[in-house]
Structures are given as C-alpha cells and as structure tokens.
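Okay, structure first, notes after.
Below, the structure is given as structure tokens:
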C-alpha cells in the first residue's frame with residue numbers, strides 16, 4: 863500500500879489536499895532524476911550539436927563581451943554570440959527532430 867498526498871492551490875488561493883491509497887505502486891524519489899552523476903568541465907563543451915548550424919551557434923575565438931568568460935565575472939559568454947534571428951533559426955533547424963503533437967482523435971495505445 864502507498865499513500866499519495868497531493869497539495870494544490872485553486873484560483874482563489876485556497877489549499878486543497880488530496881489523499882489516495884494506491885496498491886502496487888513503486889515510489890521513486892525525484893532526487894534520483896535530479897542528481898548529477900559527474901561534474902562537468904567547462905573545457906569539454908560540445909559545440910557540435912546535431913541539427914544546429916553555424917547560423918544559430920557560432921562561438922568566436924575573440925572575447926565577446928566585457929568580463930564574459932566561464933571563469934570570469936560574467937559566466938554566460940554565449941549570450942553575446944546570439945543575434946536577433948538565432949531563436950527562429952533554431953526552431954526551423956530542430957523541427958525535423960520534434961515529435962508530432964498529440965491528438966485527441968487517435969488513442970494512445972503504448
């Protein structure tokens with residue numbers, strides 16, 4: 863047996879507690895999915911992302927902004943590498959990797 867407690871707020875900000883007793887359920891802690899297995903090293907950044915061309919991601923060899931480096935004060939130098947159309951171009955280039963939108967007309971039988 864497993865007791866599941868769900869706590870939500872409705873539109874009027876009133877607390878609502880739902881408690882259900884369920885049998886045959888395996889509980890997995892959310893911490894299992896959120897833990898990092900290995901520390902990431904900033905020198906091993908993979909800029910060869912499948913599906914993205916240099917139109918979207920282009921990292922120059924010169925400094926891109928004031929104090930913008932992974933080991934400096936501003937830790938997100940990629941911000942200076944984007945341009946106005948980066949997001950739109952990424953959407954178009956990654957569209958071929960997306961799953962189709964779910965439909966309420968076809969049943970999900972997996």
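In this note's numbering, the protein residues as written are 863 to 972.
From the three backbone atoms N, C-alpha and C, an ideal C-beta is built for every residue, glycine too.
Quick one, which of the options has its alpha-carbon nearest residue i's?
| i | options | result |
| --- | --- | --- |
| residue 918 | 955, 928, 959 and 935 | 955 |
| residue 920 | 944, 927 and 950 | 944 |
| residue 916 | 958, 949, 959 and 965 | 949 |
| residue 941 | 957, 922 and 959 | 922 |
According to DSSP, which residues form a beta bridge with residue i?
| i | result |
| --- | --- |
| residue 941 | DSSP lists no partner for residue 941. |
| residue 963 | Paired residue(s): none; residue 963 is not in a bridge. |
| residue 930 | 936 |
Output needed for residue i: all residues of its chain with C-beta closer than 7 angstroms, excluding positions within five of it in sequence on either side, in chain order.
| i | result |
| --- | --- |
| residue 953 | none |
| residue 934 | none |
I'd like the list of long-range same chain contacts for residue i, defined as Cβ closer than 6 angstroms, with 5 residues on each side in sequence excluded.
| i | result |
| --- | --- |
| residue 951 | 917 and 918 |
| residue 946 | none |
| residue 925 | none |
Go through its chain and collect everything with a Cβ distance to residue i's Cβ below 8 angstroms, but skip five positions before and after it.
| i | result |
| --- | --- |
| residue 930 | 936, 938, 939, 941 and 942 |
| residue 960 | none |
| residue 927 | 936, 939, 941 and 942 |
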